[in-house]
Amino acid sequence: MSLELVPTDATELAAVLTDATRSGHRVRILGGGSASRAGVPGPPADLVVSTRGLDGIVDHQPADLTVTVRAGTPLSTLQDELARVGQTWIQAPERAGATVGGVISTATSGHRRLRFGAIRDSVLQVVICTGDGRIVTSGGKTVKGVAGYDIPRLVTGARGTLGVITEVTLKLWPRPATTRWCSAPGNPGELAELAGRIRQSNASVVSMLLDNDRLWVELMGPAVDLAAPDPLVVSDTPPPPLRMSAEVLMGVPAGRIGEAGEALAGEGLAFRLWPGVGTCQVEVTTSQQVEFVHRLADRVGGHAVVQDAPDTLRRAAWGPEPAGLAIMTRLRAAFDPAGILNPWLAPGVAQVQT
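At position 60 of the sequence shown (counting the first as 1) the number is 46 in the working numbering, and the numbers step up by one without a gap.
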C-alpha cells in the first residue's frame, strides 16, 4: 500500500518531491480522483501526494475578472463562490469531484470551448513544484518561464508529469444571462454538414455537440437573438450528460468529422463529437474497439488516447508512438530529471516501465 502525504503549501510539497527524487520513489499525484483511470497500468506508486491540503481562494478581483486559487480547491467550490458575484470559470467542465488543478492538469474543457476557448486559454499564471523540488512561478506579466518555457501552457494537459500545480490565476467571464439549446436528428454525415453551415451563419452559437443521431447547439445572448437556426428546434432540456463506462478521446480534423462519425456509428460505438473543436469522446468496452478507434484516428489524420478506462483497456493507451515524443521526453528531463512524477501518464516512459 502506498504512503499518502497531504502537504499544505508549496514549501512542504517541494520538500517531499526533493526527498522522492533523491530516493527514486515514484509519486502519484492525486487531486479529486475524478480522472484517475488514465495512462498505462503500472506498478504501485511509492508515494501518493494528495493536493487536498492545497485548498482555498487566495485572491479574487471581480473588477479585473481574475481569481487566484489553490490547486486542490474543488471545482464546485470555486464556481459557487464566483456565482455569488455573477462570474464563472466558463471554460471549465461540469465534472463531479474535480479539483481546479486536476482540470488544468488533464486539460479538460467544458462544452463551451467552441466560443470561449480551451482551458489553457484561461490560465494566466501558475505556481508549480518540479519533480526535483523547485518552486516555479510563471505567467502573468512574465512572458516566458524558466529556461524560456511557457510553463502555464506546458503544464496544462501534462497530467502532473512536469510538475505539481499548487496555485493558479484564472481569467473569468460574467455568468451568461440567457442560453438556449436546440437540436435536430439525423445521421452523423448529414449532421456534420449541418454543423458546418450553422457555424458559418450569424447564429450566436457557443457550443455544438454531435451524438450518434442528433446535433445539439447551444445559443447565448439576448433572448431576441436566440431563434433556433433552421432546421433545428428549441429543446426543453440540454443534451443528456455523458455516462461512458470507458472512454477514448479522439482528435479529428475539421474536414473529417462526418467521416469519423459515420465510421464510429457503423461499428455500433456510442460517441459525442464536438464540431468546430475537433474532439470526439467514444465509449469502448473491448480492446478490439480501442484498436479500432486508434486505427480510425490514424486514417483521418487525428490522434486518440484512452482517457478513462479500467486497466484491461489501457495497455495501449496512446496507440502508435505519439507525435512529439522526443520533445516530451526532453521536457520531462528538464522539469523532472529523475522521472518520478506520474510516470504511468507519460507516453513512452510508461510503456517502458510496465
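In this text, a Cβ means the ideal position worked out from N, Cα and C, and glycines have one as well. Just so you know, these numbers come straight off a predicted model, no measurement behind them.
Residue environment, residue i, which counts as buried when at least 16 other CB atoms sit within 10 Å
i	result
Asp322	buried
Arg183	exposed
Asp(-5)	exposed
Val113	buried
Gln228	In the sequence on display, residue 228 carries Leu and not Gln. By the neighbour-count rule (16 or more Cβ atoms within 10 Å), Leu228 is not buried but exposed.
Thr164	exposed
Asp294	buried
Glu153	buried
Ala312	exposed
Ser108	buried
Leu(-1)	buried
Gly28	buried
Proximal residues to residue i (C-beta, below 6 Å), its chain only, five neighbours per side dropped
i	result
Ile15	Val35, Gly146, Val150, Asn328
Ala251	Pro174, Asn198
Val263	Arg99, Leu100
Trp304	Val291, Pro333
Same chain, Cβ closer than 8 Å to residue i, five either side skipped, listed in chain order
i	result
Gly83	Gly18, Gly19, Ser20, Pro60
Gln47	Val53
Gly237	Gly264, Thr265, Cys266, Ala283, Gly288, His289, Ala290
Best match in the options for proximity to residue i [C-alpha to C-alpha]
i	options	result
Pro225	Ser193, Asp216, Arg318, Gly247	Ser193
Met230	Phe257, Leu180, Trp167, His289	Phe257
Gly343	Ser273, Gly10, Cys115, Pro333	The structure shown does not extend to residue 343, since the chain is modelled only from -13 to 340, so the question has no answer here.
Ala24	Glu233, Glu179, Gly254	Glu233
Gln65	Thr74, Gly126, Ala57	Thr74
Leu212	Ile76, Leu196, Leu299, Val191	Val191
Glu245	Val286, Arg281, Arg185	Val286
Leu158	Val220, Glu248, Glu67	Glu67
Arg70	Gly96, Arg161, Val89	Arg161
Cβ separation of residue i and residue j, assumed to be a contact under 8 Å, to the nearest whole Å
i	j	result
Leu205	Ala189	6 Å
Ser169	Leu218	6 Å
Val270	Leu317	Wrong, their Cβ atoms sit about 29 Å apart, outside the cutoff.
Same chain, Cβ closer than 7 Å to residue i, five either side skipped, listed in chain order
i	result
Gly58	Gly17, Thr37, Arg38, Gly39, Leu40, Asp41, Thr85, Gly87
Gly103	Gln77
Leu148	Leu140, Val141, Leu317, Arg318, Phe321, Asp322
Pro239	Gly264, Val286, Gly287, Gly288
Contiguous alpha helix (DSSP H) assignments of at least 4 residues, all confined to the region 156 to 183
Listed in chain order, there is nothing to give.
Write down every uninterrupted run of the beta strand (DSSP E) in the region 182 to 218 whose length is 3 residues or greater and which is fully enclosed by it, in chain order.
191 to 197, 200 to 206
Unbroken stretches of the alpha helix (DSSP H), 4 residues or longer, contained in the region 77 to 120:
86 to 92, 99 to 102
4 or more residues per run - each alpha helix (DSSP H) lying fully within the region 248 to 289
273 to 285
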